[in-house]
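Engineer:
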Amino acid sequence: MMQLQETIQHLNRIVGNIAQVNAQTDGMSYEDFRKNEPVKETVYEYLQEIGQAARELSNNQKLPDDINLEPLIALRNARYNQEAETGHQQVFNMLADLRTIGDQIEKSDLYQNNIS
Numbered sequence: 001m002m003q004l005q006e007t008i009q010h011l012n013r014i015v016g017n018i019a020q021v022n023a024q025t026d027g028m029s030y031e032d033f034r035k036n037e038p039v040k041e042t043v044y045e046y047l048q049e050i051g052q053a054a055r056e057l058s059n060n061q062k063l064p065d066d067i068n069l070e071p072l073i074a075l076r077n078a079r080y081n082q083e084a085e086t087g088h089q090q091v092f093n094m095l096a097d098l099r100t101i102g103d104q105i106e107k108s109d110l111y112q113n114n115i116s
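As numbered in UniProt numbering, residues 1 to 116 make up the sequence shown, in order.
Have a look at this one:
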């Protein structure tokens, strides 16, 4: 079981990385995303970190029902998928879901009551 501080650090990393992904991709079409290697590289790095943090939390901490990290766990393989040049459309399509998940984390009591 993780300490509360470590749980909040992981949640902060997820929320922060989601914000960075949004900043990199706001206003982009799929074609823009597919063709922009620097943005793709950066986004996939953030996604991998999000997936790793989500996996750590899921494996080591019971989270409240209003925080569902399951959709994020598979992102820990994002860099592999990027290097293999697969799944760009799937990744691009789930960017809107990332924003929703980030909002859910930020609005959760656990997060609200423990951010400094």
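C-beta atoms are modelled at their ideal positions from N, C-alpha and C, and glycine is treated no differently.
Would you call the region 35-45 and the region 55-65 touching, i.e. three or more CB-CB distances under 8 Å?
Structural biologist: Contact fails: fewer than three Cβ-Cβ distances are below 8 Å.
Engineer: Go to Ser108, then tell me how far its alpha helix (DSSP H) extends in each direction, as first and last residue.
Structural biologist: No alpha helix (DSSP H) holds Ser108; DSSP gives it neither H nor E.
Engineer: Exposed or buried, what is Ile67 when buried is set at 16 or more other beta-carbons lying within 10 Å of its beta-carbon?
Structural biologist: That one is buried.
Engineer: CB-CB under 6 Å to Gly102, same chain, minus the five flanking residues each way: which ones, in chain order?
Structural biologist: For Gly102, where only same-chain residues beyond five positions count, the Cβ hits under 6 Å are Val15 and Ile18.
Engineer: So that I know if they touch, is there some Cβ in chain B lying closer than 9 Å to that of Gln9?
Structural biologist: Included in the structure is just one protein chain, with no chain B present.
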